[in-house]
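For reference, the structure is listed below as structure tokens.
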Amino acid sequence: MYEAQRIPVLKIGENLITSIQIELSDRMVVQLQKDILEKIKKTGAKGLLIDVSSLDIIDSFIARSVINIARASKYLDAATVVTGISPEIALTLLQMGFRWEKVETAIDVEHGFEKLGKLLRR
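For the sequence shown, this note's numbering begins at 214 and goes up steadily by one.
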């Protein structure tokens, strides 16, 4: 895998969206965290949607990192919704002890944007 690769973070309205479509190295995950948080600060985005539907595997480092991105985004006044977690990955994450209670999730991007809209109207 080419390490200089970056995951795009796009602005749509007042929201950011990133779709992780390749397996990530630890270095890429750390870079993605930085890119997202910097873009939230720079653009004043109020919402963040992270789509992981293309991933077959989410290891513990990636799972922790996504949770940390969601939590850090709250400090920057941006709500986060993670979409596309497959049933297999959900079960694996539970077996590994991950709890997503404070991280909003949705089955797909469409439902993710609906949930993000509701969160932003609160």
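Cβ atoms here follow ideal geometry from the backbone N, Cα and C, with glycine treated the same way. Only a predicted model underlies this, so the values are computations on that prediction, with no experimental measurement involved.
Buried versus exposed, by CB contacts within 10 Å (16 or more), residue i
i, result
"G297", "buried"
"G226", "exposed"
"G260", "buried"
"K315", "exposed"
"D264", "buried"
"V279", "buried"
"S273", "exposed"
"L237", "buried"
"L304", "exposed"
"K287", "exposed"
"I270", "exposed"
"K252", "buried"
7 Å CB neighbourhood of residue i in its chain, flanking five on each side removed
i, result
"Y215", "Since pLDDT at Y215 reaches only 45, below the 50 mark, its modelled position is unreliable, and no value is offered."
"R338", "The structure shown does not extend to residue 338, since the chain spans only 214 to 335, so no value can be given for it."
Those residues which DSSP pairs with residue i across a bridge
i, result
"K287", "K287 is not bridged to any residue."
"I263", "T231, V295"
"K254", "According to DSSP, which records beta bridges pairwise, K254 is partnered with nothing at all."
"E317", "V294"
"L245", "In DSSP, L245 forms no bridge with anything."
"I225", "N228"
Own chain residues within Cβ distance below 6 Å of residue i, not counting five before or after
i, result
"L306", "A276"
"S267", "Q234"
"L245", "I220"
Cα-Cα separation, residue i to residue j
i, j, result
"H324", "G330", "10 Å"
"Q234", "T256", "24 Å"
"G310", "D248", "27 Å"
Cutoff 8 Å; reference residue i; Cβ partners in own chain excluding five residues on either side
i, result
"L223", "L229, I230, T231"
"V242", "F274, I275, S278"
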